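Take a look at the structure set out below.
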Amino acid sequence: MTDDRDPRERGGVWDSTVAIAKGMGTVFKQTFRPDNTEQYPKEIAPIPERSHIGRHRLNKHEDGLEKCIGCELCAYACPADAIWVEGADNDPEAPTSPGERYAKDYQINYLRCIMCGLCVEACPTRALTLTSYFEMGFTSREEAIWTKEQLLTPPPELGTDPVDREG
Amino acid sequence: MDWVDWSVMVVRVVLVFFVLLIAVLLYIWMERKVIADMQTRVGPMRAGPRGMLVTLADGIKLFFKEGITPTNADRPVYLIAPILAMFPGFLAFCTIPFGEPVELFGRVVPFQITDLNIGILWVLAMTSIGVYGVVLAGWSSGSNYPLLGSVRSSAQMISYEVGMGLALVAVIMWSGHLSMSEIVAQQSGNFALHWHDATLFAVPAWNIFPQFPAFVVFFICALAETNRPPFDLAEAESELVAGFHTEYSGIKFAMFFLGEYVSTVTIAAVGVTLFLGGWHGPWFDGPLSWVGPLLWFLLKITAVIYVMILVRATLPRMRYDRLMQFGWKVLIPFGLLWVMVTGLVVVIPQEYGNQGKFLMFAVMCGTLALALLLAPLFSRGGARSRKEVGA
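Structure, rendered in structure tokens:
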């Protein structure tokens with residue numbers, strides 16, 4: 001005689017009991033598996049080398065000139081309107097960047113930025129790239145707006161930002 | 001009773017109250033740790049060593065939070081409900097013996113607050129009063145979701161109380177006592193199988209062995225009674241907002257939370273007392289002989305609570321209609337049947353002496369046959385009837 005009942009209806013008390021016991025055994029076995037939790041602020045797991053999950057950085061040429069030419073394409077590309085660029089003409093005697101124009105002011109508002117990377121794609125000179133530094137805690141609105149100087153400095157090691165340390 | 005008795009009594013009450021509070025804090029921590037282990041997480045770990053103080057921290061947080069009373073709330077009832085939910089758990093613990101009586105200053109001091117001669121009834125009465133907290137909380141909140149939650153959970157708690165009562169009736173008949181200390185005393189010693197002088201086989205004389213079906217019924221009902229998963233419909237986070245205590249905040253919410261866990265510990269203690277031999281366990285004699293029973297009692301409670309946590313980690317929440325069906329159509333008939341069998345096993349040797357053993361065996365076979373005959377009536381019979389309908 002075949003059991004043609006719906007699978008959900010099948011099985012008597014014994015089968016159900018066995019199934020529950022099996023399930024509890026499985027759960028019990030999990031107790032002895034190592035935990036998956038990362039102890040983030042205490043131990044920082046290495047981040048993949050090619051990841052770009054963090055803040056922006058303004059790059060420089062090897063001779064020290066800034067790559068940014070103040071074209072504002074990043075600001076146009078930004079869907080969140082987080083970037084402010086103010087271009088200006090280079091001083092021919094002491095140029096800030098190769099070519100005619102440079103960015104006199106460059107700000108990113110991290111209260112608005114959504115880390116989509118469209119600005120990086122828009123940049124014609126690879127001046128703007130993303131880094132994998134994500135510890136950007138701030139305590140006021142002013143601090144959330146990063147200035148050109150801040151963006152030019154390379155990111156520090158993860159785990160060294162005093163704001164993000166445990167109290 | 002002179003003043004020494006009174007002061008010993010007061011000390012006992014205060015001690016039990018605080019130990020129970022601390023135990024609840026630790027058991028909540030243990031539950032969170034154990035369940036985290038089962039889910040390959042680490043659980044709370046910041047407050048205190050290995051996160052032990054996390055419940056205390058939660059309690060302090062809740063204590064200092066603003067308590068908001070809804071405009072539509074029925075104020076006095078709204079304030080009484082959390083108290084009604086919290087204290088029965090403590091009160092039910094009154095009759096539970098947690099250690100061997102010791103002699104102190106020439107008096108016998110029992111490790112039990114009071115040895116009522118109707119101990120089990122007291123426990124049942126107190127757990128029933130716990131339902132009032134739930135019902136009144138939902139009713140007085142002046143809001144729909146708490147009302148739904150409280151109706152659900154009161155129906156559930158009342159239904160499962162019947163099953164639990166039946167399981168306890170079987171134990172009472174088996175042991176012949178209503179007093180908790182007598183029941184514990186009755187469970188001392190061993191069930192042993194002797195052959196001449198050699199002991200072939202021995203287990204402790206705990207009620208769980210002769211009364212295993214009653215224990216199963218009791219355990220399931222205890223889970224439902226204390227609103228623990230998989231019977232936590234009353235506060236199903238994924239369906240209701242938080243059930244009957246949706247409108248409660250701050251210290252009043254903390255009281256519900258505390259009450260729930262106190263009654264969990266208490267029900268575990270009741271289970272240990274009635275089925276697992278209470279404080280009985282091997283220990284050496286000497287000046288510290290009173291420590292052993294305490295440790296055994298704690299160990300057994302912890303084991304029962306561990307199983308409760310394991311059940312919580314494993315089983316999904318029951319559907320409401322299935323819950324009611326299971327309670328009324330499976331547990332209660334089964335409990336009744338088991339009460340009948342226990343009654344026969346207890347009464348026949350009394351009435352007919354040793355000659356009755358054959359009769360007893362025959363009656364048991366008859367009961368079993370009757371049970372097997374009646375069992376199909378309680379099956380769902382889903383497939384067959386559906387086919388007849390032609391669906």
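The listed protein sequences correspond, in order, to chains A and B.
In terms of the numbering used here, the first sequence opens at residue 1 and continues consecutively.
In terms of the numbering used here, the second sequence opens at residue 1 and continues consecutively.
Ideal Cβ positions, reconstructed from N, Cα and C, are used throughout, including at glycine.
A quick note: this is a predicted structure, and the numbers were derived from the prediction, not measured.
Can you pull the chain B neighbours of residue i, defined as C-beta to C-beta under 8 Å?
i	result
residue 30 of chain A	37, 38, 39 and 40
Which residues in chain A have a C-beta closer than 8 Å to the C-beta of residue i? List them in chain order.
i	result
residue 20 of chain B	Going along chain A, no residue has its Cβ under 8 Å from residue 20 of chain B, so there is no contact; the nearest lies around 27 Å.
Can you name the residues of chain B whose CB is closer than 7 Å to the CB of residue i?
i	result
residue 35 of chain A	40, 41 and 42
residue 27 of chain A	38, 310, 313 and 314
Please say whether residue j and residue i have beta carbons closer to each other than 9 Å?
i	j	result
residue 106 of chain A	residue 84 of chain A	yes
residue 201 of chain B	residue 275 of chain B	no
residue 273 of chain B	residue 96 of chain B	yes
residue 213 of chain B	residue 122 of chain B	no
residue 301 of chain B	residue 269 of chain B	yes
residue 277 of chain B	residue 206 of chain B	yes
residue 38 of chain B	residue 313 of chain B	yes
residue 161 of chain B	residue 136 of chain B	no
residue 60 of chain A	residue 126 of chain A	no
residue 115 of chain A	residue 53 of chain A	yes
residue 304 of chain B	residue 271 of chain B	yes
residue 54 of chain B	residue 44 of chain B	yes
residue 126 of chain B	residue 165 of chain B	no
residue 233 of chain B	residue 152 of chain B	yes
residue 348 of chain B	residue 359 of chain B	yes
residue 250 of chain B	residue 87 of chain B	no
residue 367 of chain B	residue 341 of chain B	yes
Can you tell me which residues form a DSSP beta bridge with residue i?
i	result
residue 87 of chain A	A:103
residue 108 of chain B	B:103
residue 14 of chain B	Looking at the DSSP assignment, residue 14 of chain B forms no beta bridge with any residue, so it has no partner.
residue 203 of chain B	B:191
residue 108 of chain A	A:83 and A:146
residue 252 of chain B	According to DSSP, residue 252 of chain B bridges with nothing at all.
residue 173 of chain A	In the structure as shown, chain A starts at 1 and stops at 167, and residue 173 of chain A therefore has no counterpart that could be examined.
residue 129 of chain A	A:57
residue 137 of chain B	None; residue 137 of chain B has no bridge partner.
residue 198 of chain B	B:195
Please list, in chain order, the chain B residues whose beta carbon lies closer than 9 Å to that of residue i.
i	result
residue 24 of chain A	307, 310, 311, 313, 314 and 315
residue 20 of chain A	311, 314 and 315
request  = With 9 Å as the C-beta to C-beta threshold (strictly closer), list the residues of the segment 295-320 of chain B near chain A in chain order.
outcome  = 307, 310, 311, 313, 314 and 315
key: Validate contact between the segment 191-205 of chain B and the segment 218-235 of chain B using beta carbons, cut 8 Å, 3 pairs   = no
task = Determine contact between the segment 56-67 of chain B and the segment 83-99 of chain B, defined as no fewer than three beta-carbon pairs at a distance below 8 Å.
result = no
request  = Count the C-beta pairs between the segment 99-113 of chain B and the segment 5-15 of chain B that are closer than 8 Å, then say yes if the count reaches three, no if not.
outcome  = yes
task = Examine the Cβ distances between the segment 317-328 of chain B and the segment 24-44 of chain A and report whether three or more of them are shorter than 8 Å.
result = no
key: Contact between the segment 142-152 of chain B and the segment 245-253 of chain B (3+ Cβ pairs under 8 Å)   = yes
query = When the Cβ atoms of the segment 181-188 of chain B are set against those of the segment 250-269 of chain B, are three or more pairs found closer than 8 Å?
reply = no
inquiry  = Quick check: the segment 80-94 of chain A against the segment 39-47 of chain A, are at least 3 beta-carbon pairs closer than 8 Å?
reply    = no
key: the segment 40-59 of chain A in contact with the segment 123-137 of chain A per 3-pair CB rule at 8 Å   = yes
inquiry  = I'd like to know if the segment 71-91 of chain B and the segment 33-50 of chain B are in contact, where contact means that at least 3 CB-CB pairs between them fall below 8 Å.
reply    = no
ask   = With a cut-off of 8 Å, do at least 3 Cβ pairs link the segment 131-138 of chain A to the segment 14-27 of chain A?
value = no
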